[in-house]
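> In the working numbering, the protein residues as written are 10 to 254. Pasting a structure below so you can have a look.
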Amino acid sequence: MTPPSSPAQAEVHRPTIVLRDVSKVYRRGAQVTHALDAVSLTIAAGEFVAIVGPSGCGKSTLLRLISGLIPASGGEITIGARRVTKPDGGVGIVFQAPILLDWRTVIGNLLFPVEMQGKPVVAYLPTARKLLAQVGLADFADRYPYELSGGMRQRAAIARALVHDPVILIMDEPFGALDALTREQMRLDLEQLWLTTRKTVLFITHSIDEAVAARRSRRRHVAAPGPHRAHHRHSLAAPTRARWP
Ligand SMILES: Nc1ncnc2c1ncn2[C@@H]1O[C@H](COP(=O)(O)OP(=O)(O)OP(=O)(O)O)[C@@H](O)[C@H]1O
Ligand SMILES: [Mg+2]
10 MTPPSSPAQA EVHRPTIVLR DVSKVYRRGA QVTHALDAVS LTIAAGEFVA
60 IVGPSGCGKS TLLRLISGLI PASGGEITIG ARRVTKPDGG VGIVFQAPIL
110 LDWRTVIGNL LFPVEMQGKP VVAYLPTARK LLAQVGLADF ADRYPYELSG
160 GMRQRAAIAR ALVHDPVILI MDEPFGALDA LTREQMRLDL EQLWLTTRKT
210 VLFITHSIDE AVAARRSRRR HVAAPGPHRA HHRHSLAAPT RARWP
């Protein structure tokens, strides 16, 4: 990858994510759910941010908003100069449940985002195979998702999020389906990936242990519980020591 040569280019290549007073209200008939209320957050390029919070506090909603998969009800989200209104190729997403296309092989699934972005699939084949090997699925490239265990599917989904080399990686409880040993290995791999590439990583989890384990994280945000609200209210500056309120 050629390094950007001007500040403007740098902003395009390594954009800051900014949320200003973002809210999300889900409406279904008379049912109204205030999932997020007035969330303001700035994530600098290259930061590793863990968002921690209990079930239902709006973590996945936050992921879907930043990814441009759903519109905000209020406020504004920008990634660099771009106002987020739809999904963008610069963002890689690992969903809470691994969503793989049943009719495509594992390698076919990995190459799907590349295909969708109209990029030359063959050029990405070596990267896809390398990523599969990194997540321990080198021998499963030509298998179908139904032939994989839950953990293997999630590992394939993690590899898929990385195949087009996104500058931003958003992961929603990505290790939930993995056994303890694989989880630890994947955590170390993720840390290594972050250290070597300095991608901006937004790591969503309900596990305080997992958030704390992201030791080199420059900032951690806690999504506080509350009825249908999440305040991103805490950030930690210490890179190697965890302190909690
Ligand atoms: N599509 C939807 N329609 C209506 N309500 C929704 C929708 N998605 C989420 N919600 C509601 O918004 C709130 C936040 O949901 P969200 O999935 O963001 O929580 P979460 O923090 O990711 O929880 P978990 O840790 O269990 O995954 C919940 O009350 C949920 O019921
Ligand atoms: Mg969730």
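Ideal placement from N, C-alpha and C gives every residue a C-beta, glycine not left out.
Starting from the Cα of Ser-32, find the closest Cα among Ala-39, Ala-47 and Gly-38 and give me that residue.
On the sequence shown, residue 32 is found 23 positions in, with the first residue counted as 1. Taking only the C-alpha atoms, the option nearest Ser-32 is Ala-47.
> Should Lys-33 be counted as a contact of ligand 2 given a C-beta to heavy atom distance under 7 Å?
For the purposes of this step, residue 33 is taken as residue 24 along the sequence shown, with counting starting at 1. No, ligand 2 has no heavy atom inside 7 Å of this Cβ.
> Which value, in whole angstroms, describes the spacing of the CA atoms of Arg-29 and Thr-94?
Within the sequence shown, the letter at position 20 stands for residue 29. Within the sequence shown, the letter at position 85 stands for residue 94. The alpha-carbon atoms of Arg-29 and Thr-94 are separated by roughly 14 Å.
> What residue does the alpha helix (DSSP H) around Tyr-133 start on, and which one ends it?
Here residue 133 refers to the residue found at position 124 when the sequence shown is read from its first residue. 130 to 143 is the span of the alpha helix (DSSP H), which, as asked, contains Tyr-133.
> Nearest to Val-210 by alpha carbon, out of Leu-110, Leu-190 and Ile-167?
Looking up residue 210 in the sequence shown gives position 201. Of the listed residues, the one whose Cα sits closest to Val-210 is Ile-167.
> Between which residues of its own chain and Asp-198 is the CB-CB distance below 7 Å, once the five residues before and five after are set aside?
As a first step, residue 198 is located in the sequence shown; it is residue number 189 there, counting from the start. So the list reads Gln-143, once near-sequence residues are dropped.
> Buried or exposed: which applies to Asp-181, given that a residue is buried once 16 or more other Cβ atoms fall within 10 Å of its Cβ?
In the sequence shown, counting from the first residue as 1, residue 181 sits at position 172. The residue is buried, with at least 16 neighbouring Cβ atoms inside 10 Å.
> Taking only the alpha-carbon atoms, compute the straight-line gap between Gly-67 and Gln-126 and give it to the nearest angstrom.
Translated into the one-based positions of the sequence shown, residue 67 becomes position 58. Translated into the one-based positions of the sequence shown, residue 126 becomes position 117. Near 29 Å, if we compare the C-alpha coordinates of Gln-126 and Gly-67.
> Leaving out five residues on either side along the sequence, give the residues of the same chain with a beta carbon under 7 Å from the beta carbon of Asp-188.
For this step, residue 188 is matched to residue 179 along the sequence shown. Only Gly-160 meet the Cβ criterion.
> Can you name the start and end residues of the beta strand (DSSP E) that Gln-194 belongs to?
If you number the sequence shown from 1, residue 194 lands on position 185. Where Gln-194 is concerned, there is no enclosing beta strand (DSSP E), although the alpha helix (DSSP H) it sits in stretches over 189 to 206.
> DSSP three-state call for Lys-68: helix, strand or coil?
For this step, residue 68 is matched to residue 59 along the sequence shown. It is helical.
> Gln-163 lies in the alpha helix (DSSP H); which residues open and close that run?
For the purposes of this step, residue 163 is taken as the residue at position 154 of the sequence shown. Counting along the chain, the alpha helix (DSSP H) containing Gln-163 begins and ends at 159 to 171.
> Of the residues Ile-26, Ala-39 and Ala-54, which one's Cα is nearest the Cα of Trp-203?
Numbered from 1 along the sequence shown, position 194 holds the residue referred to as residue 203. Cα-wise, what sits closest to Trp-203 is Ala-54.
> Would the C-beta of Gln-163 count as close to ligand 1, meaning under 7 Å from any of its heavy atoms?
The sequence position of residue 163 within the sequence shown is 154, counting from 1. It does not: the Cβ of Gln-163 is nowhere closer than 7 Å to a heavy atom of ligand 1.
> Buried or exposed for Thr-70, please, with buried defined as at least 16 other CB atoms from any protein chain shown within 10 angstroms of its CB.
The sequence position of residue 70 within the sequence shown is 61, counting from 1. Thr-70 comes out buried.
> Using the C-alpha atoms, what's the distance from Ala-147 back to Thr-114?
As a working note, residue 114 is residue 105 in the sequence shown. As a working note, residue 147 is residue 138 in the sequence shown. Answer to the nearest angstrom: the Cα atoms are 13 Å apart.
> Find the nearest neighbour of Gly-89 within the set Leu-74, Ile-52 and His-173, judged by alpha-carbon distance.
Locating residue 89 in the sequence shown gives position 80, where the first residue counts as 1. Residue Ile-52 is the option with its Cα nearest to Gly-89.
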